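In my numbering, the protein residues as written are 7 to 97. Positions of the beta carbon are idealized from the N, C-alpha and C atoms, including for glycine. This structure is a prediction, so every number in the text was calculated from the model and none was measured.
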Amino acid sequence: MSYEVESKKAIPIRENIFHMFPVSQPFVEYPYNQCAVVGNGGILNKSLCGAEIDKSDFVFRCNLPPTTGDVSKDVGSKTNLVTVNPSIITL
């Protein structure tokens, strides 16, 4: 597998991880007019952008950000897809 930013560098993927990848593009059949990509860096604090973000057809959130309580007025609560960086998971 090659990494888009470093296309000349190959990254080995273990077979058990490879089998977790979708066989086909999961969202290819859905026309989205408005999408939001929301991180958890704090730039939206006190922005009151939550309602605007929630109006999006698809909301992609990075690094398992909080979406409940008082923070929802700034970052919204709608979530269609969320990522989690393994470095923030503790077992």
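Within 10 angstroms of the beta-carbon of G56 lie 16 or more other beta-carbons, which makes it buried.
Taking the C-beta atoms as reference points, D63 is found nearer than 8 Å to C41. Under the three-state reduction of DSSP, V77 is assigned to helix.
For the pair G45 and C68, the Cα-to-Cα distance works out to about 5 Å. Take S83, set aside five residues on each side of it, and the residues of its chain with a beta-carbon closer than 6 Å to its own are T73, in chain order.
Pairing V81 with L54, the inter-Cα distance amounts to about 7 Å.
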